[in-house]
Ligand code: NAD
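Numbering (this note's numbering), first residue to last: 2 to 424.
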């Protein structure tokens, strides 16, 4: 098969995904003949996003929306604003969404978007203009039955509100179901903001039981104290674990007695990072990866767990809050060392699961209580990790390969039954 002309040899995130697909291939028997479809995105859109800055100058930003696979339903996936966003990364993130929605058996395909921008350097008005222009550029391929964006790194519910408003203006009526992760009064769902962190906790708790790791007194290290990392941290502390190490883009902090997360959250709200927090000591960033902890939660960016870092890991359990934090060869080392990795495609699927609930609620114009949402979320996450665990045992493979087996079977069966047009 020909290689994609727009992918370079050093495009790490996409190549990681391809390697994950290679690894699942031997388990797929007759469906293997359809696997090529997962090695290329269905649709890639690159857009120029020009905006007028507050000082009157015009700046251009590069934006993307990639629909990796739509075999099982509309595309679903977040929008990332980060200065390092590139096509390879968005493709990989969209592909992981395809796998994730299928592992959870949600009726969606996989998509992802992004703009190559440091949102912290824009004023609120500039951010709004950027979001509205980007939405307008991708509006012909998104929609409640086509592709439904959501927040990711650097975007939040306010950004989703602007996307919903811009898209609705183009349609001439209010279309709440075009994005998820919206503010509650715009058709958002209760429980959505905390859902990904909650899912990380629920899958972690279930696997901890299986490997007989007690959460009481367990030490936890978290990379990223944003939406995902902070909520997961709070839930582990509620279960009597202690978070001893936290790293973000401003530094790495450590407190052997457990960091006071409430105080840290207040500090981060004002200071936009954990660096300088007086309730813990600042340590060298690299020390984070050999921290003496039981549970490690990478919840920031992809490509964090390298071969070198995997060799020094002390944790028994890794919960991938972030997408794609572990390189495949690093995972081989972790597996050899008996460290259990709960893969991103199930571990951080809580967000997309409640996004699904939000979409269903928008379609029905009938909204559920937070209790109902959390109950349904917990039930789906527990079922998904149970299925993944059993598939891993039945095939003597890692939890990641097991998740890919479950997902690829669902996606490729759908593809097979739909057939290849025009046949
Ligand atoms: P966020 O923007 O709320 O937080 C990101 C955190 O990462 C921040 O604490 C930031 O300081 C930290 N960070 C950024 N660059 C870093 C660096 N170089 N080193 C260390 N830390 C760094 O983002 P989020 O929503 O919490 O998402 C975090 C991860 O979880 C991403 O990989 C995202 O794709 C994934 N994820 C998010 C959701 C969701 O619902 N938000 C769902 C699934 C997966």
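Note that the Cβ used here is the ideal one computed from N, Cα and C, for glycine as well.
Span separating the alpha-carbon of residue i from that of residue j
i: residue 374; j: residue 225; result: 25 Å
i: residue 107; j: residue 354; result: 7 Å
i: residue 12; j: residue 90; result: 8 Å
i: residue 125; j: residue 43; result: 34 Å
i: residue 316; j: residue 250; result: 22 Å
i: residue 292; j: residue 280; result: 18 Å
i: residue 167; j: residue 160; result: 11 Å
i: residue 393; j: residue 151; result: 30 Å
i: residue 330; j: residue 57; result: 48 Å
i: residue 212; j: residue 356; result: 30 Å
i: residue 187; j: residue 162; result: 7 Å
i: residue 51; j: residue 310; result: 40 Å
i: residue 383; j: residue 391; result: 12 Å
i: residue 376; j: residue 54; result: 45 Å
i: residue 370; j: residue 216; result: 28 Å
i: residue 238; j: residue 410; result: 37 Å
i: residue 32; j: residue 408; result: 12 Å
i: residue 153; j: residue 60; result: 23 Å
i: residue 400; j: residue 223; result: 21 Å
Secondary structure of residue i, DSSP reduced to three states
i: residue 112; result: strand
i: residue 365; result: helix
i: residue 62; result: strand
i: residue 220; result: strand
i: residue 13; result: helix
i: residue 1; result: Given that the chain is displayed from residue 2 to residue 424, the structure contains no residue 1 and the question cannot be resolved.
i: residue 135; result: helix
i: residue 246; result: strand
i: residue 172; result: helix
i: residue 357; result: helix
i: residue 281; result: coil
i: residue 77; result: strand
i: residue 41; result: coil
i: residue 68; result: strand
i: residue 142; result: coil
i: residue 426; result: Because the chain spans 2 through 424 in this model, residue 426 falls outside it and cannot be assessed.
i: residue 383; result: helix
i: residue 392; result: helix
i: residue 275; result: coil
i: residue 343; result: strand
i: residue 260; result: coil
i: residue 54; result: coil
i: residue 27; result: helix
i: residue 335; result: helix
i: residue 150; result: strand
i: residue 307; result: coil
i: residue 1; result: In the structure as shown, the chain begins at 2 and stops at 424. Residue 1 is therefore absent and cannot be evaluated.
Chain-order list of residues whose beta-carbon lies under 6 Å from that of residue i (same chain, five-residue window excluded)
i: residue 76; result: 68, 110, 112, 148
i: residue 404; result: 104, 344, 346, 347, 389
i: residue 63; result: 117
i: residue 229; result: 197, 198, 300, 322
i: residue 327; result: 306
i: residue 24; result: 402
i: residue 205; result: 320
Neighbourhood of residue i by C-beta distance below 7 Å, restricted to the same chain and skipping five residues each side
i: residue 93; result: 14, 15, 17, 18, 325
i: residue 255; result: 245, 246, 281, 282, 284
i: residue 278; result: 254, 265, 268
i: residue 120; result: 82, 128, 155
i: residue 261; result: 280
i: residue 363; result: 177, 178, 188
i: residue 419; result: 72
i: residue 379; result: 203
i: residue 312; result: 334
i: residue 294; result: 220, 221, 222, 245, 246, 315, 316
beta-carbon residue i near the ligand SAM non-hydrogen atom, thresh 6 Å
i: residue 194; result: Within the structure as shown, the ligand SAM is missing, the only ligands being the ligand NAD.
DSSP beta-bridge partners of residue i
i: residue 208; result: Paired residues: none, contrary to the question.
i: residue 255; result: 246, 282
i: residue 83; result: 117
i: residue 48; result: 64
i: residue 318; result: 296, 341
Same chain, Cβ closer than 8 Å to residue i, five either side skipped, listed in chain order
i: residue 41; result: 5
i: residue 308; result: 328, 330, 331, 334
*Contact between the stretch 232-245 and the stretch 257-273: three or more CB pairs below 8 Å?*
yes
*So does the stretch 130-144 actually touch the stretch 331-347, counting three or more Cβ pairs closer than 8 Å?*
no
*asked:* Pairs of beta-carbons, one from the stretch 170-189 and one from the stretch 141-157, closer than 8 Å: are there three or more?
replied: yes
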